[in-house]
Structures are given as structure tokens and as C-alpha cells.
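**Student:** Handing you a structure now.
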Amino acid sequence: MMFPSPGDAASVLALAFGIALGLFALAGLLRPDRALDRLLFGTLTAALIATYARWRWSDTLPPLTPEAGALWAYLFFAAEMVAVVYTLLSIVILLRFKDRSTEADAAQARREASGDWPAVDIFICTYNEPREVVEKSILPALAIDYGPKTVWVCDDTRRDWLRAYCEEVGARYITRPDNKGAKAGNLNNALRHTAGRTDAPLILVLDADFAPQPDILKRMVGLFDDPKAAVVQSPQFFFNADPIQHNLAASDSWVDDQRIFFDVFQPAKDAWGAAFCVGTSFIVRRDRLAEIGGFPDAAICEDLNLSLGMSRRGYATHWLNERLSMGLSAEGLPEYITQRTRWCLGTIQIALLPDGPLRGPGYTPVQRIHFLHGVLNWACKPYIVLMLLAPAIYWIAGLPAFEADVLSFLRYGAPPLFALWAYSGWVSRARTLPIFMEVTHAISALAVTVTLIQATISPFGRPFKVTEKGGDRTQMRVRWRMAAAFGGLSLLSAFSIVWAFIAPTAPAEISDIDYFNLVWAGVAMVLTFICFLVCFEHPREDLAFRYEADARIEAGGTSRACRLTTLAPGRATLAEPCDAATIGGPLVLHLPGIGALAAAADGAGLALDPTPEQRRALIVALYSHPRDTIARTARFMPAVGGLLRRGFGHG
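Counting from 1 along the sequence shown, just add 96 to a position and that's the residue number in my numbering.
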């Protein structure tokens, strides 16, 4: 053994507590916007993680033999080291950070002074979304504050009603006879179709559920003053909570995992020259697209492959970290999982392409490393599955994942864990939380692991799966297959704890390594039980936004003032003491900027019946402006409170 024994319990606990206290104090003293502070905290965290990895290699592995116990231990260690390498590489990437807002300010000022605004074609990609979804993209796109623009609705399901709707509202409609190439094929069809018509030098791409803000083009087009800029990408923001936030009653206190990617990692990657397109709310140069042969369709992640194709020719993707559009997050757990498995498979497909960053020419070493970082993100998921299974395997099969006791882990494993929690919350500016982040990763780990296994056999040829949006979400749904998987894992961990004491071969005294695996089994049981709770999809109400405004209610020839608190295209909620139910009869709501809307009393609110023109005005007013409808930073105690309410059936 290279590392000294941990010592007595009191000294180990005191040391662990002291390290944790010091780390979280350090997080309060340092500032993540200072490069030196990022270097200091990142180096300290990396050093603790590297020490742990060294301890694992030298002191916790049995001799390598062809026996089941040794093979299992080394398999687990290999999966764990993938996660360690990914984490260390993440720390290196996060040493840098780039904010292009000042650059965008200067570029916008130059354009406004000269009046030189390039023409932009806006491509809205749609596949089978209902009208109540796609209209929230089309109408705000038409309302963008920019002169030389044309809105094209690229319909890949050939719907006559959508063609008629586009003609009605003033958008142009494009379709094609087949769906070859999926989304990339749809975009390439639009590229050919517009080349002989508007032929705008810049193209804004939107998914059908994303509503752009009025200033999106004025904020982004100036960044193309850099001749190397081929793509300018803005982050994705969401109107609604994702299934984990919603099902754990944590939409006001827990940040979805994509916020960390968009708000933290992408600005860091941009500083390294390795930011990439994320599929919607980006602008691309038409001439650069022509150089690479259009939107690439060799992999199902056409967005990532687009940026890589540009990188290979010396062009860059610039990340403008501003909220310039908002869309719908995956509303159900199956859709959430479908997204993650599609992103995983697309990344693996690109890794296998002959012109991809792992094999092809033209990439810089930094670009190759950043792509490898993306591959490792998915390659970490099997480790999560093994970690949840390991204690049960120990108690049932007698095979330890690694040979250590509780005190040794507290001495060498707890400090890097505390460091990672403290560093993650600090560098992400309070966008991560212990337990909840682990649950978020665990939810998709099983499906992603299966996808990785399938990709080793047949990585290409699987159909592109669109994330379904819209539909009735007012009923409770139970995702029984996932609930059975996570419930079974939780019960397996619970059984293994009981089995440790009642098994015919149970020892008379619990050994140090037994204690370690008992604690581990308890942690796995809790995490998988929380995942089990996520599988119960609680009803969602129609999305309504906070909308404080003075209005007037008219009924039976009388009129009274009221104040709105929330508003949706079909519903308004009123503040007390205005109770619409006391008015009675047919109602009219006079709403500034919208007009007189027919309404009906509905408790303390109003059910609205707007005309088509009023509905369009409502959609533009509600969806064309940024909304803080879900948490932007995380809060631990409220998140735990929501979790407990769900767990005890009170939420």
C-alpha cells in the first residue's frame, strides 16, 4: 500500500469536515469571473481528484487475474477512470471563459450607424408539431425587429393546414416529397429553394417550438464582421420545466442540466475556439455552407457536425451567451430520454466518420480534445449504472467493486467529492446541487448505456427521432418501464442491505469493507428511489406567464378596473380583490395593446376567447420577450422540500 492507513474515526471525520468547510469557504472568497481564481480552485480540485485516482489504482485493486472478482474490479475501475478523465478535462476547459456581449454591442452600434443590415432568411424547421406549438415560433419570427428578413416555414410533414396558415399570417411555406436526410435534409431543401429567390447571405435556423426575441438578429449578425465566423450561436432557454424539475416539484429551485452546458461550458469552449452549434437559434453564412456542401447529414447530430465541418476549413462558431429565444423543453420523460440518446448516438457517429475530429484531417489539437471531451461525456454513463449496481453485486455475489473501508474512503474519497461539489457550484454560479445532479445523470444513464452498446454493433442506420412537443399533459402518467427499472434497482439495494444481516453466510461481525458497502447500498437506494419518483409524471397546466398589468372588465353595461397577474393565449388570472365570478354574465376584458377580448368567468380568473388577430397579438406579446418561468440558479433546501413533498405524496 502506497497510502498510509486513514487513522481513527475521530481524526478522519475531523479532517473530512475541515476540508469540506475549507472548500466551501474558498468558494465564497474566490470569484469565478477571475482567471486566476479559476486556476486556483480548479487546480486544487484536480489535485484532490488525481490523488484519489492514484489511491484507487495503488490500494484498492486486487491482483489482475482471470477470476470474476478481479475482472469485475478492473471493469469498474476502468469505467470510473473514464469519469475521472472527463472531470479533469472539464476543469481544464473551464479555466477559460469568453463573453461576446461587448463585441456584439459594438458591432450592433456600427450597423445601426451605417444602416447596413444584411438580408436574412429565417428557416423554421417543423415536423408534425401541432398548431399551438408551431404558431409560437412563426408569429414571433415575423415580429422580429429587422428589415431585410424573410420567414420560411420548412414543413417536413406536408400539411395543407400549415400551408394555409402561413399564407394567412404572411410567412412563406416550403415542403418536399420525402424526409431524406431528416432535419439536415429539410434544411438543405430550404437552402436550394431560397437560393433562386431571396438568396440571403445569412440564415437563422429555428426549431418549431422556439420563439425568437425581437432583437435576435440585430444582436447576432454583427458578429459576422469577423471573417472567420461561419456560425453564430445563442443558447437555448426554456419556458417550461423539464420532467425532472417538474416531477420533483423543483422547477423554482433546481436548474436543468442544459443550463450548465449552455451557460458554463459553451462560453468556455468559445474561449478555446471550440464552441459548436446546438441546432436552433443560430445564424450561419450561406457561402460557408456552400463550401462544405450544405448542412451535413452523415450523422443525426447535424448541428455539431456543421460546426466541425466549418472548423475543418478554418472557420469558427461564435457563442453569444444571451437569451435571444425561448422554447419548449422536453415535457415528458420518454421525450427527455429520446433527446439524450439521440445526442449520444450522433456524437458516436461523428467520432466514427472518416472526416471526423478523431480521424479526419484539418482539425487543431484543441478541437480534437474538445470533441473527445464530448465523447467522454457520454462514455461516463456506464459508470453511473455500475455504481448503482456495485453494492448489490457485493452482497449477493460477494464481488467488491474495490477493496476499501469506510474510513479509507472518507480519507481519500470524500475530499475530492466535496471539492467537486464546491467547485461545480462555484464555477457554474450556483447551477448545480448535490444529489439532484446525480439523479439527473442517473435518469438517462441506463438508456445511454444501451445506446452505447448498440452503437458498437450498428452505429448507423437508426432513424432520426424528433422530440415530441405539445399534446395533453393534464393527466397523471406513470412511465412503468422506467419506474420498474429504477424501482427494481432501489429494491435491490434495499434487499442487499437486509441480506447482509440475514444471509445464511452472513458473518457474525460486520467487517470494514462490509460497512463501506452498506453505506454505498444506502446511497444507491436513495438515488434510485428519487429516480423512481421522477417516473411519475404529474399533470401540467397550460403554460401561463406572469403578466402584471392594469386592465378593465366590462359586463352588463358596467365596467370595473382589475389587475392581471398571469396571462396565456386562452386564460387570464386576476389579482384580488377582483373576482370575476361576482360580475356574472358575458364578459369583455379590455387589455392594453390587445383590445377587447370576449371572456367568461372562471373562478378567480377568466377563460379568454380571442379573435384570430387577437390570439396572434397575444402570442407575440407573451412569447417574444424573455420570461423567468423556471429557476436560473439552484437552491438546495427548497429543492429538498419539493422532493420530500413528492416522496410523501403531498405535491
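Just so you know, even glycine gets a beta-carbon here, dropped at the ideal spot from N, CA and C. The structure presented is a predicted model; accordingly, all values stated were derived computationally and were not measured.
Assuming the contact rule is C-beta atoms closer than 8 Å, T725 and F335 should be a hit. Round their C-beta distance to whole Å, please.
**Tutor:** 5 Å
**Student:** Provide the residue(s) that pair with Q329 in DSSP beta bridges, ordered along the chain.
**Tutor:** F378 and W415
**Student:** Does the Cβ of M572 have 16 or more other Cβ atoms within 10 Å, making it buried, or fewer, making it exposed?
**Tutor:** exposed
**Student:** Return the first residue and the last residue of the alpha helix (DSSP H) that D399 is part of.
**Tutor:** Element bounds for D399: E398 to R408.
**Student:** Let's see if you can read the secondary structure: which residues bound the alpha helix (DSSP H) around L686?
**Tutor:** Here the sequence assigns His to residue 686, which means Leu is not the residue at that position. Note, H686: premise wrong, no alpha helix (DSSP H); beta strand (DSSP E) at L683 to L687.
**Student:** In whole angstroms, what separates the C-alpha of L126 from that of L184?
**Tutor:** Cα to Cα, the separation comes out at about 20 Å.
**Student:** Let's test the definition: count the other Cβ atoms within 10 Å of the Cβ of S107 and tell me whether it reaches 16, buried, or not, exposed.
**Tutor:** exposed
**Student:** Taking just the CA atoms, how far does V188 sit from A697?
**Tutor:** 58 Å
**Student:** Could you work out which residue in D338, Q445, A518 and Q550 is closest to I433 when comparing CA atoms only?
**Tutor:** D338
**Student:** According to the neighbour-count rule (16 or more other Cβ atoms, all chains shown, within 10 Å of its Cβ), is P706 buried or exposed?
**Tutor:** If you draw a 10 Å sphere on the C-beta of P706, you find 16 or more other C-beta atoms in it, and that means buried.
**Student:** For the beta strand (DSSP E) that T748 lies in, which residues bound it at each end?
**Tutor:** Since the first and last residues shown for the chain are 97 and 747, residue 748 lies out of range.
**Student:** Near Q309, which residues of its chain fall below 7 Å by C-beta distance, leaving aside the five closest residues on each side in sequence?
**Tutor:** L420, S421, S720, H721 and P722
**Student:** Are the Cβ atoms of R268 and R254 separated by less than 9 Å?
**Tutor:** no
**Student:** Is the shortest distance between the beta-carbon of D724 and the beta-carbons of chain B less than 9 Å?
**Tutor:** Going by chain labels, chain B is absent from the structure shown, which holds only one protein chain.
**Student:** The alpha helix (DSSP H) with S107 in it runs from where to where?
**Tutor:** A105 to L125
**Student:** Could you check where the alpha helix (DSSP H) with K314 kicks off and where it finishes?
**Tutor:** I312 to M316
**Student:** Using the beta-carbon count (16 or more within 10 Å), is S816 buried or exposed?
**Tutor:** The question about residue 816 has no answer, for the chain in this structure spans 97 to 747.
**Student:** For E534, which three-state DSSP category applies?
**Tutor:** E534: helix per DSSP, three-state reduction.
**Student:** Give the DSSP bridge partners of K245, in chain order.
**Tutor:** V216
**Student:** Given a threshold of 16 other Cβ atoms within 10 Å of its Cβ, counted over all protein chains shown, does W439 qualify as buried or as exposed?
**Tutor:** buried
**Student:** Between which two residues does the alpha helix (DSSP H) harbouring E225 extend?
**Tutor:** E225 -> no alpha helix (DSSP H), and no H or E assigned at all.
**Student:** Applying the criterion that 16 or more other CB atoms from any shown protein chain within 10 Å of the CB defines a buried residue, is T437 buried or exposed?
**Tutor:** So T437 ends up on the buried side.
**Student:** Determine the burial state of A493: buried for a count of at least 16 other Cβ atoms within 10 Å of its Cβ, exposed for fewer.
**Tutor:** exposed
**Student:** For A676, does the three-state DSSP call read helix, strand or coil?
**Tutor:** Because the pLDDT at A676 is just 47, under 50, the model does not fix this residue reliably, and the value given afterwards should be weighed accordingly. Here A676 sits in helix by DSSP.
**Student:** Report the rounded CA-to-CA distance for G743 versus I626, giving the unit in angstroms.
**Tutor:** About 8 Å.
**Student:** Does the separation of the CB atoms of K194 and A426 fall below 9 Å?
**Tutor:** Contact flag unset, no.
**Student:** What whole-angstrom Cβ distance do R408 and Y479 have, given they're in contact under 8 Å?
**Tutor:** Actually they do not touch by this definition, with Cβ atoms about 31 Å apart.
**Student:** Closest to I220 by C-alpha separation, out of R293, E199, S210 and G423, would be which residue?
**Tutor:** Out of R293, E199, S210 and G423, G423 has the C-alpha closest to the C-alpha of I220.
**Student:** Just how far apart, CA to CA, sit S655 and I379?
**Tutor:** 48 Å
**Student:** Could you tell me which uninterrupted alpha helix (DSSP H) segments, each at least 4 residues in length, are contained entirely in the segment 592-654, listed from first to last along the chain?
**Tutor:** 608-630
**Student:** Would C397 pass as a contact of G442 if the rule is Cβ separation under 9 Å?
**Tutor:** yes
**Student:** Taking A175 as part of the alpha helix (DSSP H), name the residues at either end of that continuous run.
**Tutor:** A164 to I189
**Student:** Measure the CB-CB distance between A326 and R381 and report whether it falls below 9 Å.
**Tutor:** Result yes, Cβ atoms of A326 and R381 sit closer than 9 Å.
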